[in-house]
Every structure is written in C-alpha cells, then in structure tokens.
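Q: Handing you a structure now.
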Amino acid sequence: MPNHSNTIAGWREWVRLPQADVGWLKAKLDTGARSSALHAFDVEEFQRDGADWVRFGIHPWQDTDADAATVELPVHDRRVIRSSTGHTQERLVVLMEIVLHDHPVTAEVTLTNRDEMGFRMLIGREALRNGFLVDAGRSFVGGRAPRDIRRRNRGRI
Numbered sequence: 001m002p003n004h005s006n007t008i009a010g011w012r013e014w015v016r017l018p019q020a021d022v023g024w025l026k027a028k029l030d031t032g033a034r035s036s037a038l039h040a041f042d043v044e045e046f047q048r049d050g051a052d053w054v055r056f057g058i059h060p061w062q063d064t065d066a067d068a069a070t071v072e073l074p075v076h077d078r079r080v081i082r083s084s085t086g087h088t089q090e091r092l093v094v095l096m097e098i099v100l101h102d103h104p105v106t107a108e109v110t111l112t113n114r115d116e117m118g119f120r121m122l123i124g125r126e127a128l129r130n131g132f133l134v135d136a137g138r139s140f141v142g143g144r145a146p147r148d149i150r151r152r153n154r155g156r157i
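With full-length UniProt numbering, letter number 90 in the sequence shown gets 90, and the count goes up by one each step, no holes.
Structural data, given as structure tokens:
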C-alpha cells in the first residue's frame, strides 16, 4: 500500500523514471485512460533466462531526440489497446516505476510511438489510483522543472 493518499496533481506534471535514468519527463495525467503509455522507439523483444524481455529507447524531450535512454525490462503482458481515435493496436506492457510528486508508483506501461502526441508519457487511472487526485484545472502542482530542462524539452538545447 502506498504511504500517501489523496495527493493533488495537475493534469500535466513532471515525473521521473528511475529505471530509465530519466530525471525529468513531462507527462499528461489522464483519468480517461486505463493504462499508462510511454513513447518508445527501436522496440526489440529478446529472451533472457527463458523469459520474454524488451529493449527500447526513450526520448525524454518533446521536440528533439537528444539525451535518449535505453531500457531493458521484462515483458509483463501484451494487450490490445484502443486509442482515443478508436484504432486498436497490440502493445507490449512493462512494469515501470514512475515517481510523481516524489511518490514512487509501480505502473503497467504500454510501449508505443507517441511522436505525434503532445506528451511523451500518459499516466492512466490505474497508476493514479495509488493515492492521486487530478485537478484538471491545474498544472505542475508538484513543481516546475528547472528552466534549462524546460528549454531542452522544447528543443532549445
């Protein structure tokens, strides 16, 4: 059980992904989505000790491929996901730790191409039910990233 409850978060927040060594990633909190989703590229499945694993890259910044990170995690599941536009797609699911407002949450995260989306990560209600309330009228309740990080996120390196 989480040691926090009813932590107020805005509809967009800066999060950390410790397993990917990503210290800053702007995410959209979406109570309309069940699962969380992360922009992933060069997705490659492989076997490790008889188990299914996946290796993928993450671009933490919105408008650039700078500071890409590579992650290897066990495959948790495969799911057919229906997008907000009604299209279905089979996606790999991994368990990832997401740190939101300094509270770590283990979430089921689907891997997909979010290049055309406004956010590299979407955090769905399954992760948010671990003690977060989303105030749709607020943003960055947990604080803003430092200015140089915000500039990197906008492609101004």
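Cβ coordinates follow ideal geometry from the N, Cα and C atoms, glycine included.
Give me the DSSP bridge partner(s) of A27.
A: Numbered from 1 along the sequence shown, position 27 holds the residue referred to as residue 27. Per DSSP, E13, M121.
Q: Tell me the rounded alpha-carbon separation between P2 and R154.
A: Here residue 2 is taken as the residue at index 2 of the sequence shown, counted from 1. Here residue 154 is taken as the residue at index 154 of the sequence shown, counted from 1. At P2, the pLDDT of 46 sits below 50, so the modelled position is not reliable; the number obtained from the coordinates is stated separately. Rounded to whole angstroms, P2 to R154 spans 33 Å at the Cα level.
Q: Please classify T112 as buried or exposed, where buried requires at least 16 other C-beta atoms within 10 Å of its C-beta.
A: In the sequence shown, counting from the first residue as 1, residue 112 sits at position 112. Result: buried.
Q: Roughly how many angstroms separate the alpha carbons of S36 and D148, rounded to a whole number?
A: Counted from its first residue, the sequence shown places residue 36 at position 36. Counted from its first residue, the sequence shown places residue 148 at position 148. About 27 Å.
Q: Let me know the alpha helix (DSSP H) ranges lying completely inside the region 123-153, each 4 residues or longer, listed in chain order.
A: 125-128, 147-153
Q: Who are the near neighbours of L133 in its chain, counting only those whose CB is closer than 8 Å to its CB and skipping five residues on each side?
A: Residue 133 sits at position 133 when you count from the first residue of the sequence shown. Leaving aside the five residues that flank L133 on each side, the residues in its chain whose CB is nearer than 8 Å to its CB run, in chain order, N6, T7, I8, A9.
Q: Could you give the residue range of the beta strand (DSSP E) that holds R82?
A: Position 82 of the sequence shown, counting from 1, holds the residue named residue 82. Segment 77-82, the beta strand (DSSP E) holding R82.
Q: When the distance is taken between beta carbons, is D42 closer than 8 Å to G23?
A: Stepping through the sequence shown from its first residue, residue 23 is reached at position 23. Stepping through the sequence shown from its first residue, residue 42 is reached at position 42. In this structure, D42 does not lie closer than 8 Å to G23 by Cβ.
Q: Does DSSP put P18 in a helix, a strand or coil?
A: In the sequence shown, counting from the first residue as 1, residue 18 sits at position 18. It is helical.
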